[in-house]
Amino acid sequence: MRSFAISIAIVCAVSTTAQAQWISNKQGGDFDDDATFIALTTQGDYAFGLRCTPGKPEVVYLTPDTSVTNDMYKVVNATEPKLRLKIDGGDVINLTATMDNTDKGTMRAAADGTTSLYEQIRDAKSSVAVVLTMMGKNFHEKKFNTRGSREAVSKLVKGCKLASGKGS
0 MRSFAISIAI VCAVSTTAQA QWISNKQGGD FDDDATFIAL TTQGDYAFGL RCTPGKPEVV
60 YLTPDTSVTN DMYKVVNATE PKLRLKIDGG DVINLTATMD NTDKGTMRAA ADGTTSLYEQ
120 IRDAKSSVAV VLTMMGKNFH EKKFNTRGSR EAVSKLVKGC KLASGKGS
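According to numbering that gives the first Met the number 0, the sequence shown holds residues 0 to 167 in order.
Have a look at this one:
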């Protein structure tokens, strides 16, 4: 997760909301096949990204919220919170998320991803809308630009050796 946070810091340093662009990064794996690949974008203090080690794709959403403690997350996770996505205004994609705090105490939601979902994000024309839904209520709704997602997500799919249905 540290590499994900470092990547977010880089994006925040070089991006403004109007210019936010996806970036990709690889951490580790020089001595084994356990490299972590990341593709992400930010909007203000929020970040949305894809992360995987070979064969284990995930979707990650970070918010600036510091109001929830680790003990509270046990209760929240028992209710099966959802990470909900809308790609280019299409149908809602519901992912069951696990929530916790980052090292900085901010809220993180992670859900299992799929190659198909990664490809939909890669091929998006304009945006990915993201919201956390807990106990029937929506929190932290944001819309992320997909500028640069094609290149960043393609690198991640290739690096993670995810089988592609359409080709990269």
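Note that CB positions come from ideal geometry on N, CA and C, so glycine has one too.
Just so it is clear, the structure is predicted and the values come from calculations on it, not from any experiment.
N-terminal and C-terminal residue of the alpha helix (DSSP H) that Asp-70 is part of: Numbered from 1 along the sequence shown, position 71 holds the residue referred to as residue 70. 69-77 is the extent of the alpha helix (DSSP H) around Asp-70.
Glu-118 to Leu-84 span [Cα, whole Å]: Indexing the sequence shown from 1 puts residue 118 at position 119. Indexing the sequence shown from 1 puts residue 84 at position 85. Looking at the two C-alpha atoms, the distance is approximately 14 angstroms.
Strand pairing of Thr-35, partner residues [DSSP]: Position 36 of the sequence shown, counted from the first residue, corresponds to residue 35. Partner(s): Gln-26.
Pick from Thr-95, Asn-100, Ile-120, Val-75 that is closest to Gly-89, judged by C-alpha positions: Locating residue 89 in the sequence shown gives position 90, counting from the first residue. When only C-alpha atoms are compared, the closest one is Ile-120.
Range of the contiguous alpha helix (DSSP H) that encloses Leu-155: Numbered from 1 along the sequence shown, position 156 holds the residue referred to as residue 155. Counting along the chain, the alpha helix (DSSP H) containing Leu-155 begins and ends at 148-158.
Span separating the alpha-carbon of Asp-32 from that of Pro-56: On the sequence shown, residue 32 is found 33 positions in, with the first residue counted as 1. On the sequence shown, residue 56 is found 57 positions in, with the first residue counted as 1. Cα-Cα distance, rounded: 15 angstroms.
Delimiting residues of the beta strand (DSSP E) encompassing Leu-116: Here residue 116 corresponds to residue number 117 of the sequence shown, with the count starting at 1. Counting along the chain, Leu-116 falls outside any beta strand (DSSP E), though it belongs to the alpha helix (DSSP H) covering 114-121.
Lys-141 beta carbon less than 7 angstroms from that of Gln-42: Position 43 of the sequence shown, counted from the start, is the residue given in the question as residue 42. Position 142 of the sequence shown, counted from the start, is the residue given in the question as residue 141. Result yes, Cβ atoms of Gln-42 and Lys-141 sit closer than 7 angstroms.
Rounded separation between Thr-132 and Leu-49 - CA only: Position 133 of the sequence shown, counting from 1, holds the residue named residue 132. Position 50 of the sequence shown, counting from 1, holds the residue named residue 49. Distance between the alpha carbons of Thr-132 and Leu-49 is about 19 angstroms.
Cβ distance (whole Å) where Phe-47 is taken to contact Phe-143 below 8 angstroms: The residue labelled residue 47 in the question sits at position 48 within the sequence shown. The residue labelled residue 143 in the question sits at position 144 within the sequence shown. Confirmed, about 5 angstroms.
Pick from Glu-79, Gly-112, His-139, Thr-68 that is closest to Val-129, judged by C-alpha positions: Within the sequence shown, the letter at position 130 stands for residue 129. Measuring from the Cα of Val-129, the nearest candidate turns out to be His-139.
Nearest-angstrom Cβ-Cβ length linking Pro-80 and Met-98, presumed shorter than 8 angstroms: Indexing the sequence shown from 1 puts residue 80 at position 81. Indexing the sequence shown from 1 puts residue 98 at position 99. Indeed they touch by this definition, with Cβ atoms about 6 angstroms apart.
Presumed contact (8 angstroms Cβ cut-off) between Ala-110 and Thr-95, rounded CB distance: Start at 1 with the first residue of the sequence shown, and residue 110 comes out as number 111. Start at 1 with the first residue of the sequence shown, and residue 95 comes out as number 96. Indeed, because the Cβ distance is near 6 angstroms, the residues count as touching under 8 angstroms.
Backbone secondary structure at Asp-87 - three-state DSSP: Against the sequence shown, residue 87 aligns to sequence position 88. Looking at Asp-87 - three-state DSSP - the assignment turns out to be coil, as it is neither helix nor strand.
Rounded separation between Ser-126 and Gly-28 - CA only: Within the sequence shown, the letter at position 127 stands for residue 126. Within the sequence shown, the letter at position 29 stands for residue 28. Their backbone Cα atoms lie some 31 angstroms apart in a straight line.
C-alpha distance - Tyr-45 paired with Ala-38, whole-angstrom precision: Along the sequence shown, read from residue 1 onward, the residue named residue 45 stands at position 46. Along the sequence shown, read from residue 1 onward, the residue named residue 38 stands at position 39. So the alpha carbons of these two residues sit roughly 14 angstroms apart.
Gly-158 to Asp-102 span [Cα, whole Å]: On the sequence shown, residue 158 is found 159 positions in, with the first residue counted as 1. On the sequence shown, residue 102 is found 103 positions in, with the first residue counted as 1. Approximately 26 angstroms between the Cα atoms of the pair.
Rounded separation between Asn-100 and Ser-66 - CA only: Against the sequence shown, residue 100 aligns to sequence position 101. Against the sequence shown, residue 66 aligns to sequence position 67. Cα to Cα, the separation comes out at about 10 angstroms.
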